[in-house]
Ligand SMILES: Nc1ncnc2c1ncn2[C@@H]1O[C@H](COP(=O)(O)OP(=O)(O)OP(=O)(O)O)[C@@H](O)[C@H]1O
Ligand SMILES: [Mg+2]
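Protein chains in written order, with our numbering: chain A, 783 to 1079; chain B, 10 to 301.
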C-alpha cells in the first residue's frame, strides 16, 4: 500500500497539479489572444475580395497555436544558423550563455575576495560599504552605456579564441560582472561574520597561520553562504544578458527578441520569453543542487 | 619542585556599556608538573574565564601567567584545550579534525607518521571504527572523545579542559573520565580542568580549587585529594577519607562560596609540594613522535 500511495502522491503533486496550472495559463492566453479572420466582401467596384483582420481581446497577441506554428523551425532545428540574427533557439541560448559565463566568472573572482574583506575587517567595511550600497541598486541599463564608452577603443584578443572581443561584447561582460557581483559580495560578508567563535578559537588555539586559517576554517565555514550568493548572482547575470543584448543588438536570445519585435513577429517574442524563463529556471536548479551539496556538509 | 604553571594575582575585568564588571580578581595558583588540578564553583563564577586566560584566548587584565618559565601571551599549541562544547570543524572528519592539529605541531614529520599519531589517539579514546565520520554523524559523547584526542595528539605541555563531560549522560561520563585519566597518566601531562561535578573532581584530581561566587571571584579554598594513583572508582568510593572530602566540597559550595573570603589566599606552593606525585605506573607506551 505504501509505495502505491507514494506513487499516487507523486502523480498528484508533481504531474497533475502542475499540468492543471499549465492548462489554466494556456486557456487564459487563448482567451486573451486574437485570431485572424478572413471575410469575403464585395468592394466598391463590385468585386469579391478577401479581407484578413485580427479580432480578439488583445488583437495582435498570437494564440498558443499560432505561436507554435511560427516558432516550430526555431525549436525543431535548435542549432540551425541561417544568419547572424536568424538562428535556432539553442544556438542563440548558447551565444548568450557564453557571455554570461564570462561576466559571471569575473563577478565571482572579484566578489568573493571583496566579501571576505568586508566580513573580516571592520574598517574595510566602514570604508567601502557606502559605495557598495550606492552602486548596488544601479540598473544594468545604466551600466551598459558606460561599458560601451569604456571599451570603445579597447582591443582584447585572446589567442586561439577567434575574433577579438568587440566593444559591445566587452560592455556586456562588464555590465554582467558589475551587476551580478553584489549578492556574492554581500552573502560572503554575512557568512564570514556568522562564523561561530568556536571555529576561530580552534584556529587560534592551534596557532594556524593566516593562510591556513583562511583555507582550513574561514572558507569552508563560509561556503554555504557563498553558494547562496553565487546562485543569486547567476540569476542576475541571466537577467542582465537579455537587457544587454537588447540594447546592443548582439545575436543571442535577447537580441533576437528585440529584432523580432522590430520585425513585428510577435510570436517569436513569446518564444524568446519562454526560452529565457526555462534557461533561468535550469540555471537556478543547477546552482541549488550544488548549493545543497555544500549546505549538507 | 618549582611550579610548572603559576598564576599570580590574576584579575579579569570586562568593560561593557554598563560599566566595568570584575569577574575574577586576586587569583593565585601554582600547579606542579604532572599534577591534575580541578576548578570547581557555581555556574557563572568565572571558571571558564580563568581557563580561557590560561589558554591565552583572553588576556588577563591584571597579573601574569607563567607556564614552564615563560609568560603566557596568546594561545598556542603547547596547551591542548578541550572546550566546553566539542568545537569540532563540521566539514572535517573526526580524523581530519585531529590531523589538523597534528600537522600544525609536527609540520616536518613524514605524512605517514602524522597519520599514525592521529589514528593512535583516536583509537585510544575508542574511535578506531568511526574516525572517518563527520561530527554530525557521531554522538555527542563521541564528539567529546574527538576533542580529547585532538588535545592529546598535539603533545601539549599541559591540558586545559572546560567541563568536558558536562553535556553527557552519567554512563558515558564515567567511561570518558577513565579514558581521560588513562591518557593523562600515560602522557604525564599537567592538567587543569573545570567541572561542576564533585565526584568527578574527587576521582580525577590531585587538588581541587574551589572558587567563590562572582563577581570578583577568587580562590576560596584548596583541597588536596590524597588517594593514590592509579585509582579505581570503587577504591575511591571506599576510601575512608572520601565522604569527608566530599562533604567538605559540598559544604563549601553551599555555604562558603557565597561569602567573600577576607583573609589572604592560601599558600598554594606548600599544597603543591604535598601532592602525591609518585607515578608508579610502568613506562608510557612510546609514541610515534616525541614533543618537538
Ligand atoms: N565577553 C564577556 N563580556 C562580559 N562578561 C562576560 C564575558 N564573558 C563572560 N562574562 C561574564 O563572566 C562571568 C563568568 O563567566 P564564565 O563563563 O567564566 O562562567 P563559568 O564559571 O564558566 O560558568 P559555567 O559553569 O556556567 O560555564 C559571567 O557572569 C559572564 O556573564
Ligand atoms: Mg564555563
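No residue lacks a Cβ here, since even glycine has one placed at the ideal position from N, Cα and C.
Residue i CB to nearest heavy atom of ligand 2 below 6 Å
| i | result |
| --- | --- |
| residue 64(B) | no |
Unbroken beta strand (DSSP E) run spanning residue i, endpoints
| i | result |
| --- | --- |
| residue 198(B) | No beta strand (DSSP E) contains residue 198(B), which DSSP labels as neither H nor E. |
| residue 16(B) | 14–25 |
| residue 977(A) | Run containing residue 977(A): none; DSSP gives neither H nor E here. |
| residue 76(B) | 71–76 |
| residue 137(B) | Neither: residue 137(B) is in no beta strand (DSSP E) and is coded neither H nor E. |
| residue 812(A) | First-last for residue 812(A): 799–814, but that is the alpha helix (DSSP H), not the beta strand (DSSP E). |
| residue 234(B) | Per DSSP, residue 234(B) belongs to no beta strand (DSSP E) and is neither H nor E. |
| residue 53(B) | Here residue 53(B) belongs to no beta strand (DSSP E), and DSSP marks it neither H nor E. |
Residue-chain proximity (residue i, chain B), Cβ-Cβ < 7 Å
| i | result |
| --- | --- |
| residue 969(A) | no |
| residue 987(A) | yes |
| residue 984(A) | yes |
| residue 1002(A) | yes |
| residue 980(A) | yes |
Cutoff 7 Å: residue i Cβ touching any chain A Cβ
| i | result |
| --- | --- |
| residue 110(B) | yes |
| residue 91(B) | no |
| residue 38(B) | no |
| residue 66(B) | yes |
| residue 53(B) | no |
| residue 113(B) | yes |
| residue 85(B) | yes |
| residue 193(B) | no |
For residue i, the three-state DSSP class (helix, strand or coil)
| i | result |
| --- | --- |
| residue 832(A) | strand |
| residue 207(B) | helix |
| residue 152(B) | helix |
| residue 172(B) | coil |
| residue 993(A) | helix |
| residue 945(A) | coil |
| residue 936(A) | coil |
| residue 867(A) | coil |
| residue 240(B) | coil |
| residue 921(A) | coil |
| residue 146(B) | helix |
| residue 82(B) | coil |
| residue 950(A) | helix |
| residue 181(B) | helix |
Any non-hydrogen atom of ligand 4 within 6 Å of residue i CB
| i | result |
| --- | --- |
| residue 916(A) | Absence of ligand 4 from the depicted structure is noted, with ligand 1 and ligand 2 being the only ligands included. |
Start and end residues, alpha helix (DSSP H) containing residue i
| i | result |
| --- | --- |
| residue 264(B) | Careful: residue 264(B) lies outside any alpha helix (DSSP H) and carries neither H nor E. |
| residue 854(A) | 846–858 |
| residue 1069(A) | 1048–1077 |
| residue 911(A) | 904–917 |
| residue 1012(A) | 1001–1030 |
| residue 58(B) | 56–64 |
| residue 791(A) | 784–792 |
| residue 1038(A) | 1035–1044 |
| residue 104(B) | 103–114 |
| residue 133(B) | 120–133 |
Residue i burial status per 10 Å Cβ neighbour count (16 or more: buried)
| i | result |
| --- | --- |
| residue 911(A) | exposed |
| residue 215(B) | buried |
| residue 253(B) | exposed |
| residue 1050(A) | buried |
| residue 802(A) | exposed |
| residue 927(A) | exposed |
| residue 32(B) | buried |
| residue 229(B) | buried |
| residue 1033(A) | buried |
| residue 112(B) | buried |
| residue 147(B) | buried |
| residue 909(A) | exposed |
| residue 247(B) | exposed |
Any non-hydrogen atom of ligand 1 closer than 6 Å to residue i Cβ
| i | result |
| --- | --- |
| residue 55(B) | yes |
| residue 23(B) | yes |
| residue 74(B) | no |
| residue 1023(A) | no |
| residue 32(B) | yes |
| residue 58(B) | yes |
| residue 950(A) | no |
| residue 52(B) | yes |
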